[in-house]
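Quick note: to get this note's numbering, add 2 to the position in the sequence shown (first position is 1).
Ideal Cβ positions, reconstructed from N, Cα and C, are used throughout, including at glycine.
In what follows, a structure is listed as structure tokens, so that the remarks can point back to it.
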Amino acid sequence: MEHGRLQHSQLYEENLGIPLIIRHPEQEHGFRVKSPVSNSDLLATLLGLVGLESPVGGMGKNLWQAVSAGSLLPAVKTVPMGNRMERGASLRRGQWKLIVECSTERRELYDVVRDAAERDDLASRRPDLVRSLEADLWSAVGRENCDDLRQWAPLGGAARGIDADQEEALKALGYLQE
């Protein structure tokens, strides 16, 4: 209830700042990705680790592949907020964090260095920065705007765009139900 809501249907750091630890049997030493990454990258990463490609139209990057190649990873997080029409996304660049809630068309801007609890919304005071970060957000997410994000459903019920072997691998990982 830090921001007035229960569960994980919000885009504030208390719900998004989740550590992820993966031990790959072929990796001798660990490494830490210091920049935030997206939880939407988890599926692509796990599929990549077992030798499968991400579903066509799926979001996310294979973090293992990106880090191994030395690529920069955008700090983008998307969370389905309630039903499919209540989507939102957030982006963090340096000290700035933008939250876009598509159901309300609300934009929130925080200086997470000075305001780690995300209490002082600066969006109305920094509209140019909001527009700039929002353009980066949609570019990084691969969507045009909230309308486009509302239409996107990662696996859309039955795993569309996935062959039978990929579907079985996702079921084995617990991502799909029988």
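Sub-7 Å separation of residue i and residue j beta-carbons
i	j	result
A91	V143	yes
D113	Q97	yes
G62	L45	yes
L139	L93	yes
Same chain only: Cβ atoms within 7 Å of residue i, ignoring 5 sequence neighbours per side
i	result
L51	H26, W66
A125	R109, E110, L111, V132
V115	Q97
Residue range of the beta strand (DSSP E) that includes residue i
i	result
D123	From DSSP, D123 is part of no beta strand (DSSP E); its letter is neither H nor E.
R133	No beta strand (DSSP E) contains R133, which is instead part of the alpha helix (DSSP H) from 129 to 143.
L93	89 to 95
E103	98 to 103
Reference residue i, options the options, closest by Cα
i	options	result
Y14	H31, A137, E103	E103
Q173	H5, L48, E30	Correcting the residue type first, residue 173 is Lys in the shown sequence and not Gln. Comparing Cα-Cα distances from K173 to each of H5, L48, E30, the minimum goes to L48.
E120	R145, K99, S105	K99
D122	A137, N147, I101, S105	I101
N41	E136, S105, R145, N64	N64
K43	E28, A68, H31	The question names Lys, but residue 43 is Asp in the sequence shown. Of the candidates E28, A68, H31, the one whose C-alpha sits nearest the C-alpha of D43 is A68.
E169	R89, I24, P57, Q12	P57
S134	R95, V115, A171, Q29	R95
A171	P129, G32, R34, G53	G53
Host alpha helix (DSSP H) of residue i (start-end)
i	result
G113	Just to set this straight, residue 113 is Asp in the shown sequence, not Gly. Per DSSP, D113 belongs to no alpha helix (DSSP H); it is in the beta strand (DSSP E), 108 to 113.
L44	43 to 51
E15	15 to 18
Contacting residues, own chain, Cβ-Cβ under 8 Å from residue i (five flanking each side not counted)
i	result
A166	none
E107	C148
Same chain only: Cβ atoms within 6 Å of residue i, ignoring 5 sequence neighbours per side
i	result
E55	none
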